[in-house]
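Q:
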Amino acid sequence: MGGNCAAGADLKRPPENVASAAAAWTNGQTAARLGVYQTALLWLERACRLAPNDPRIWLDLANAKIAMNSATQRREAIEILNKLTATHDHAPLELALLTAHQLQGDSAAAAAALAKLLQRHCVPDDPAFADAAELITKAVGGPGWCGLLGSGVLKISAAPGLKLIFLMDGNLANLPVSKAGYLAPPSGILSILAGGKELTGSPLNLRELQRVEGLVSVVDGVLVGWAHRPAASSTKPSLVITDAAGKTIDVVFGAAMTPDESSPFAQRWSYALLAEKLRGLTPPLHITGPDGSEIMGSPLDPALFQPLQPVPASFTGAAVKLLPERRPLAIIVPVYRNEAVTRACLAALQAAKPAGAEIIVIDDATPEPMLAAWLDDQAAKKTIRLITQPRNLGFPAAVNAGFEAAQGRDVLLLNSDTLVPPGAIEALANAAYAASDVGSATPFSNNATILNYPKHNAANPMPDLATASALQDAAGAANGADICEIPTAVGFCMYIRHDCLAATGGFRAELFGQGYGEENDWCLRARHRGYRHVAATGAYVAHEGGASFKAASRALNIRNARTLTRLYPGYDQLIAGYAKADPLAAARYRLDVQRFQQNRGAVSGAVLLISHNHGGGVARIIATEMQKIRNAGQRPLLLVPGAPDDLENTPFPWDAELTDHVPGDYPNLRFKYLADRDALLNLLRAESVSHVVLHHGLGHHAGIRELATDLGLPQDIVIHDYASFCPRINLLSQSSLGAPLRYCGEPNIGACVTCVELSGDETYEGLGPAALVERSAQEFAKARRIVAPSADAAIRISRHFPGVRPVVTPWENDAARVNLQPPGRGRRRIVIIGGIGPAKGYDLLIDCARDAVARQLELEFVIAGASADDETLLKTSRIFVTGAYTEGEATKVIQSLHADLAFLPSIWPETWCFALSEAWRAGLYSIAFDLGAQAARLKATRRGVLLPLGLPVPRINDILLNWQPHPGEAAAF
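Add 7 to a position in the sequence shown, counting from 1, and you land on the number used in the numbering used here.
What follows is the structure, encoded as structure tokens:
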């Protein structure tokens, strides 16, 4: 019961990763088809690391693990599938899950997966499925199972002699019968009992099982679109066009389309109807599925998509002069799906709504019976006013029904996947009445496009209500009643003043269908009438995003975006210009400062750490040190270069970003040196910083290195590399441009100048070797304490800075017991750990692979991690690259490779070498060059062998292929 065959990848990742992931995926699928599952796992796991958000690859990986006849691999497959089924509704996922549970002997879990599969999807078109379902139901003592075939015929398998009973929406029912079997109605909840017991798969939600999703639009007079049936993705769906007079046309579908990356499991089918095919039909046209539900973009009138009367997006009418009286509030909440989310939204709203406000819920024909029943109950209890649409008409039409019910009151338009904390509505109302020409007000939110907070250029995680309430309090304290004009409100939460609504009218459902862009159209029409839209910077509302109308596709968004730009030329430029100017930056900064100060807690002062943001071993040490500071009762503060929006075109130095946990916590605490120097110093002084620890200055403005002096505080310096005297940072040089890197031998300043002129300055400061050494000498002289992780690093620093004696503080305990396994004899697999670039031996590794091919050695290499150029390594046919792993995953990844030895081909004298520690934890002896801390640690522990730097490649390979440890003998050549 296999996975998906199309080789695609996560398009959000860099283009090279897309191609690499697709190639790895294809290789993994090929190996799985050939039954070489261990190889399949290697390729599929690499593909998953390169495209971690593509569920199709994860499904193939799970299926490969299931096929390996290993209980451990099946458990891992079940973990993968449980995560996938939590976010994706796809029959092969459930099919794989029930197969894994069945093979594991867990009949109850297999039966639960079978029930979910049958309730959410049509019966798979697989002859083996019926037998598997029979075995599972018998194993749990069930009377049988039932499901719906893609043809609309019920499939019922029950023990002979048991009486079948059908209940439709809880009532006894007689179903029509054909030669093929019982026929299912287009909608309703069908329960099937045999011998008084419900069959596995019952009850069946017939509307969901026959539902069709899709899009319709008009392009150059042609009705075009696509559709798919979620419960039977491989089956062509059924759509009917019905005009205003009741005349119908069946939609004929063409070829299957390539998967949409936003819904990769959805098999879409395209269609197109020329204008002559539509001639004689009376608009509006309704495009519906078997249950009568309309697809996205329906209904529509093709005439409305003829050339529209455009108005420049930048146009504004004469400002409204008269501030109207305040009126009572109607809170409009359109609802379609997700009972739990809707309940949470309305519960929070009940606690947050002002006195006299009415909650008006629009049930847009929800397909969830439990949600509909709960809404009816709330209406009966008078906690809400409920308006139920006769059929699903979409968000704009639902909102318009709410506007009509509001009857001249102010309106708060709210998505059903929001959490409104106390105080937010009052802040929005105050913003709406802050000036006569304000038409609408929108709060900050975790997910609100131009009003995102704390990150402004991406959606943030959804907070719970307690966190949202804290953010509301902080926003009020930081920004008060301040407002900031915005080009358009954001529809998840819009406070609309009654006079603006009366002047502008409702949403244009006829143009925007089920939604996306309708609030932007409304806002621009309001601007034409002299109203402004503002951000209420003292308000915050949480927003999950996408929960209310998940059927809405990216395609409808694109269609409606095009409609917007046709209606309002320059709209995209208006939004882009606003985002670039970012007038909300000051409000976000104040809110970050408020939160930063509130989060101080009961601590006795703080310690400031300064570092780069390149991750790796430095980030690991920073995380450890920050936890130690917390444990000591102080607050750790970290200053790193904040990554700019445009990484490629923003040279160092970058703005300094302040945090107390991990980078990104307070993304608006950004400081340009020297312009924002005083603001940063004032913020730090308020934290009672006791001392500064300078870990690394890479990426920072040089003035950041003087913070300790500016604050009048002592400073410690931690050695992570040799940026204190080597502008190349890691003591590697070239003999000529393009030549391989080699350890430089630490020559005099003159040779360093020549090296930098040839190869460049990796610190990007351009100081030059002499000035760099002079600055470092002054910093060392002023430092309270200098720390190095190894004696080798300390000696090198002392050699270049006479009189400087770093304190040696190892990052890890090499005396900790490890269980090393001797390498096997015969063919060997050598693992190289971490991110492998030129300094870590990338070029040497290629040479080793080529020599292994040329001499046909029984030797292969695997990089547990990533490299400077994976594809070049893979082309050698002797090097495999797993892809980058996450922090804490190293030991598991390395052990899964079943390597014989670890090879550390690093050609610079490392100051510690975490890769060596990872190798030992994974149970591997290690081979490295006799250079730096890696060599000193191997000599001290005798857990491997050292090679002379510059040893010929064939000799290196011979040692990798033949070396065996000798107990009690110093392992060194």
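No residue lacks a Cβ here, since even glycine has one placed at the ideal position from N, Cα and C. Nothing here was measured: the structure is a model prediction, and the numbers come from that model.
#1: What are the residues that DSSP puts in a beta bridge with Trp-276?
#2: For Ser-27, which residues in the same chain have their Cβ closer than 7 Å to its Cβ, ignoring the five residues on either side in sequence?
#3: When DSSP labels each residue in this structure, what does Cys-733 get in the three-state scheme?
#4: Hey, does Arg-885 have any beta-carbon neighbour from chain B nearer than 8 Å?
#5: Put His-540 into one of helix, strand or coil per three-state DSSP.
#6: How many Å lie between Val-229 and Ile-248 at the Cα?
#7: Roughly how many angstroms lie between the CA atoms of Ala-455 and Thr-657, to the nearest whole one?
#8: Inspect the beta-carbon positions of Ala-355 and Val-427 and report whether they are closer than 8 Å.
#9: What residues in its chain sit with their C-beta under 6 Å from that of Leu-378, if we drop five residues either side in the sequence?
#10: Considering only the alpha carbon of each residue, which of His-550, Arg-569, Pro-494, Thr-544 lies closest to Gly-537?
#11: Are Leu-827 and Arg-950 close, meaning C-beta to C-beta below 8 Å?
#12: Rounded to whole angstroms, what's the CA-CA distance from Pro-317 to Gly-520? Just pull it up for me.
#13: Using 8 Å as the threshold, is the C-beta distance between Glu-694 and Ala-613 below it?
#14: Taking Cβ positions, are Lys-162 and Leu-169 nearer each other than 8 Å?
#15: Note down, in chain order, each residue of its chain lying with its Cβ closer than 8 Å to the Cβ of Ala-977, except the 5 sequence neighbours on either side.
#16: Anyone know if the C-beta pair for Phe-451 and Tyr-547 falls short of 8 Å?
#17: On a Cα-Cα basis, can you pick out the residue from Cys-733, Cys-751, Pro-734 that is closest to Gln-741?
#18: Can you tell me whether Ala-558 is buried or exposed? The criterion is at least 16 other CB atoms within 10 Å of its CB, across all chains shown.
#19: Judging by CA-CA distance, which residue of Trp-529, Val-888, Phe-787, Thr-323 is the nearest neighbour of Ile-870?
#20: Compute the Euclidean distance between the alpha carbons of Ala-372 and Gly-401, then round it to the nearest angstrom.
#21: Would you kindly report the start and end of the unbroken beta strand (DSSP E) that includes Ile-711?
#22: Rounded to whole angstroms, what is the Cα-Cα separation between Gln-111 and Leu-88?
#23: Using only the alpha-carbon positions, how far apart do Ala-239 and Asp-96 sit?
#24: Any idea what DSSP makes of Met-303, helix, strand or coil?
#25: Helix, strand or coil: how does DSSP classify Asn-656 here?
#26: For the alpha helix (DSSP H) holding Ile-432, just list the boundary residues, first then last.
#27: Could you tell me which residues DSSP pairs with Ala-337 in its beta bridges?
#28: Which residues does DSSP pair with His-698 in a beta bridge?
#29: Taking the straight line between their C-alpha atoms, what separation do you get for Pro-660 and Leu-654?
#30: Under the rule that 16 or more other beta-carbon atoms within 10 Å means buried, what is Asn-422, buried or exposed?
#31: Assuming Val-815 contacts Ala-798 (C-beta within less than 8 Å), just tell me the rounded distance between them.
#32: Pull the bridge partners of Cys-500 from the DSSP assignment, please.
#33: Could you give the distance in angstroms between the alpha-carbon of Pro-290 and the alpha-carbon of Asp-308?
#34: If contacts are defined as beta-carbon pairs under 8 Å, then Cys-153 and Leu-206 qualify, I think. What distance do you get, rounded to the angstrom?
#35: With distances taken Cα to Cα, identify the nearest neighbour of Phe-499 among Ile-457, Leu-420, Ala-935, Lys-328.
#36: Can you give me the C-alpha to C-alpha distance between Lys-388 and Leu-518, rounded to a whole angstrom?
A: Looking at the atomic coordinates:
#1: Ala-234, Ala-263
#2: Leu-57, Asp-877, Glu-878
#3: coil
#4: In summary, chain B is missing from the structure at hand, where a single protein chain is found.
#5: strand
#6: 14 Å
#7: 26 Å
#8: yes
#9: Glu-346
#10: Pro-494
#11: yes
#12: 19 Å
#13: yes
#14: no
#15: Legend: pLDDT at Ala-977 = 38, less than 50; position of this residue unreliable, no value from coordinates given.
#16: yes
#17: Cys-751
#18: Note that Ala-558 scores a pLDDT of 40, beneath 50, so its modelled location is shaky and nothing firm can be said.
#19: Val-888
#20: 9 Å
#21: First-last for Ile-711: undefined, no H or E at that position.
#22: 14 Å
#23: 11 Å
#24: strand
#25: coil
#26: 431-439
#27: Glu-365, Val-418
#28: Val-614
#29: 12 Å
#30: buried
#31: 5 Å
#32: Leu-421
#33: 5 Å
#34: 4 Å
#35: Leu-420
#36: 37 Å
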